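> To start, I am sharing the structure in question, which I have written as structure tokens.
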Amino acid sequence: MATSRIEWLASEDGMPGMTWNPVTGCTPISPGCAHCYARAMARRLVGRCGYPADEPFRVTLRPERLEEPLRWKRPRRVFVVSMGDLFHDEVPDEFIDRIMAVVARAPNHIFLVLTKRPDRMLEYFADPNLSRRPEIDLWRCTIAASWAQHYYDEIPETLWPLPNLWLGVTAEDQQRANERVSLLLQIPAAVRFVSVEPMLEAVDLSSWLPSIDWVICGCETGPQARPMEVDWARSLRNECQEAGVPFFLKAMRVDGKVVKLPLLDGRIWNQVPSSPRER
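Quick note: the sequence shown uses the numbering used here, first residue 954, plus one each step.
Written out as structure tokens, the structure is:
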């Protein structure tokens, strides 16, 4: 676990969010992966903090981290698997079940899952027995074995979709938006969001709005960052405004420097949807 400086995880009172990485590692799948921050970070940590010395960004399950959110007392926004992709093919369904069981047992937190593999995410959540699977596996988790059976007996079938689970896809360009957003919208979720980061070209989401609950936008950062035009962000912001969808502009280059929460047309765009429990 780690306190995160990711702007869209911060609460309204400024409390930073958290990252939770029961899985680390990934493999490239699309142009947005070219300068992956997580891969670069794993290489810096090679041989330490559980990152394998031979291949630090290899997909690795970390069951010892499953309990972490249950220890956090104050409500947080939690980025699930910020150092990989939860729906990578090498992550077994049974391990995802365990993660979902923790999400269900921590309703005080909001958990955000962002993937570039919505086909796998759709397959997982389309299982007609999903409402029972995490609870069936719960007793095998390391968490609170003493109450697991009681929780299984009492849990309502209406639990799904989990009210504190937000599901999102990355759409760094129009092709990825065309491929991924429609799959996301087939998945029942409390909040469905699209992250256009890194924004590699103008992306039009208007055909899916307002079915999308939230749009995040941001430039690529780092020494090899590819450019993002201000007008691309402005056009996406306009689409969101017209559809009544919250828009979050995370970062943009201004005079050659990356500015976090930059001004666009005179204001900061840091809109975040309310969670179902707050509505």
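We treat Cβ as the ideally placed atom computed from N, Cα and C, and that holds for glycine. Every value quoted in this text rests on a predicted model; they were computed, and no experiment measured them.
1. Going by DSSP in three states, Leu-1083 sits in which element: helix, strand or coil?
2. Around the C-beta of Ser-1227, are 16 or more other C-beta atoms found within 10 angstroms, so that it is buried, or is it exposed?
3. Buried or exposed, going by whether 16 or more other CB atoms sit within 10 Å of the CB of Asp-1218?
4. Using three-state DSSP, classify Gly-985 as helix, strand or coil.
5. Can you tell me whether Trp-1167 is helix, strand or coil according to DSSP?
6. Starting from the C-beta of Ile-1049, find all residues in its chain whose C-beta is less than 8 Å away, skip the five residues before and the five after it, and write them out in chain order.
7. For Leu-1137, name the three-state secondary structure that DSSP assigns.
8. At the level of alpha carbons, what is the spacing between Thr-977 and Arg-1070?
9. Which residue wins for smallest C-alpha separation from Pro-1141, given the options Pro-1116, Arg-1190, Val-1156 and Asp-966?
10. Looking at C-beta atoms only, is the number of pairs between the segment 1178 to 1190 and the segment 1149 to 1158 that lie closer than 8 Å three or more?
11. Quick check: the segment 978 to 997 against the segment 1049 to 1062, are at least 3 beta-carbon pairs closer than 8 Å?
12. Check Ala-1178 in the structure and name its three-state DSSP category.
13. Note down the Cα distance separating Asn-1061 from Pro-1016, rounded to an integer number of angstroms.
14. Kindly indicate which three-state DSSP category Ala-1286 falls into: helix, strand or coil?
15. Put Phe-1078 into one of helix, strand or coil per three-state DSSP.
16. Given that a residue counts as buried once 16 or more other Cβ atoms are within 10 Å of its Cβ, and exposed if not, what is Gly-967?
17. Buried or exposed for Asn-1191, please, with buried defined as at least 16 other CB atoms from any protein chain shown within 10 angstroms of its CB.
18. To the nearest angstrom, how far is it from the Cα of Arg-1206 to the Cα of Asp-1080?
19. Please state whether DSSP places Ala-1155 in a helix, a strand or coil.
20. Along the chain, where does the alpha helix (DSSP H) containing Trp-961 start, and where does it finish?
21. Quick one: residues in its chain with C-beta nearer than 7 Å to the C-beta of Ala-1155, no 5 flanking neighbours on either side, listed in chain order?
22. Checking the sheet assignment: what are the DSSP bridge partners for Ile-1063?
23. Whole-angstrom Cβ separation of Val-1144 and Arg-1133, contact assumed at under 8 Å?
24. Just to confirm, is the Cβ distance from Gln-1127 to Asp-1157 under 9 Å?
25. Let me check understanding here. Comparing Cα to Cα, which of Asn-1223, Leu-1067 and Pro-1180 lies closest to Lys-1209?
26. With a CB to CB cut of under 6 Å and the five nearest residues on each side skipped, what residues in its chain are close to Glu-1173?
27. Contact check, Leu-1153 vs Phe-1064 under 8 Å by CB: the rounded distance?
28. Look at the Cβ atom of Trp-1161, then the Cβ atom of Gln-1224, and state whether they are nearer than 9 Å.
29. Out of Ser-1164, Gly-1171 and Gly-1175, which one is the CA nearest neighbour of Glu-1195?
Checking against the coordinates, here is how it stands:
1. Counting from 1 along the sequence shown, the entry for residue 1083 is found at position 130. DSSP places Leu-1083 in coil when its eight states are reduced to three.
2. The count along the sequence shown starts at 1 and reaches residue 1227 at position 274. The residue is exposed, with fewer than 16 neighbouring Cβ atoms inside 10 Å.
3. What you label residue 1218 is simply residue 265 of the sequence shown in a count that begins at 1. Counting of Cβ neighbours within 10 angstroms places Asp-1218 among the exposed residues, the total staying below 16.
4. For the purposes of this step, residue 985 is taken as the residue at position 32 of the sequence shown. The answer is helix: DSSP assigns Gly-985 an H, G or I state.
5. The residue labelled residue 1167 in the question sits at position 214 within the sequence shown. If DSSP states are grouped into helix, strand and coil, Trp-1167 belongs with the strands.
6. By 1-based counting over the sequence shown, the position of residue 1049 is 96. These residues qualify, in order along the chain: Leu-1039, Phe-1040 and Tyr-1077.
7. Taking the first residue of the sequence shown as position 1, residue 1137 is located at position 184. Looking at Leu-1137 - three-state DSSP - the assignment turns out to be helix.
8. Counting from one through the sequence shown, the residue named residue 977 turns up at place 24. Counting from one through the sequence shown, the residue named residue 1070 turns up at place 117. Approximately 15 Å between the Cα atoms of the pair.
9. In the sequence shown, counting from the first residue as 1, residue 1141 sits at position 188. Nearest C-alpha to Pro-1141: Pro-1116.
10. Taking a cut-off of 8 Å for Cβ pairs, the segment 1178 to 1190 and the segment 1149 to 1158 touch, as three or more such pairs fall below it.
11. With the cut-off at 8 Å, the segment 1049 to 1062 and the segment 978 to 997 do not touch.
12. By one-based count along the sequence shown, residue 1178 stands at place 225. Ala-1178 falls in the coil class under three-state DSSP.
13. For this step, residue 1061 is matched to residue 108 along the sequence shown. For this step, residue 1016 is matched to residue 63 along the sequence shown. Asn-1061 and Pro-1016: Cα-Cα distance of roughly 21 Å.
14. Any answer about residue 1286 is impossible in this case: the structure gives the chain only from 954 up to 1232.
15. To locate residue 1078, count along the sequence shown from 1; it is residue 125. Looking at Phe-1078 - three-state DSSP - the assignment turns out to be helix.
16. As a position in the sequence shown, residue 967 is number 14, starting the count at 1. The residue is exposed, with fewer than 16 neighbouring Cβ atoms inside 10 Å.
17. By 1-based counting over the sequence shown, the position of residue 1191 is 238. Exposed: under 16 other Cβ atoms inside 10 Å.
18. Position 253 of the sequence shown, counted from the first residue, corresponds to residue 1206. Position 127 of the sequence shown, counted from the first residue, corresponds to residue 1080. Their Cα atoms are separated by approximately 42 Å.
19. Mapped onto the sequence shown, residue 1155 falls at position 202. Coil at Ala-1155, not helix or strand.
20. Along the sequence shown, one-based indexing puts residue 961 at 8. No alpha helix (DSSP H) holds Trp-961; DSSP gives it neither H nor E.
21. To locate residue 1155, count along the sequence shown from 1; it is residue 202. Same-chain partners within the cutoff: Trp-1185 and Ser-1188.
22. For this step, residue 1063 is matched to residue 110 along the sequence shown. For Ile-1063, which the question treats as bridged, DSSP gives the partners Arg-1030.
23. As a working note, residue 1144 is residue 191 in the sequence shown. As a working note, residue 1133 is residue 180 in the sequence shown. In fact, because the Cβ distance is near 16 Å, the residues do not count as touching under 8 Å.
24. By one-based count along the sequence shown, residue 1127 stands at place 174. By one-based count along the sequence shown, residue 1157 stands at place 204. It is a contact, given that the beta carbons lie within the stated cut-off.
25. Within the sequence shown, numbered from 1, the residue matching residue 1209 stands at position 256. Just to set this straight, residue 1209 is Gly in the shown sequence, not Lys. The shortest C-alpha separation from Gly-1209 is found at Pro-1180.
26. Taking the sequence shown and counting its residues from 1, one reaches residue 1173 at position 220. Contacts found: Pro-1151 and Arg-1179.
27. In the sequence shown, residue 1153 corresponds to position 200, counting from 1. In the sequence shown, residue 1064 corresponds to position 111, counting from 1. With 8 Å as the limit, Leu-1153 and Phe-1064 do not qualify as a contact, their Cβ atoms being about 27 Å apart.
28. By 1-based counting over the sequence shown, the position of residue 1161 is 208. By 1-based counting over the sequence shown, the position of residue 1224 is 271. Contact: no.
29. As a working note, residue 1195 is residue 242 in the sequence shown. A check of alpha carbon separations from Glu-1195 across Ser-1164, Gly-1171 and Gly-1175 identifies Ser-1164 as the nearest.
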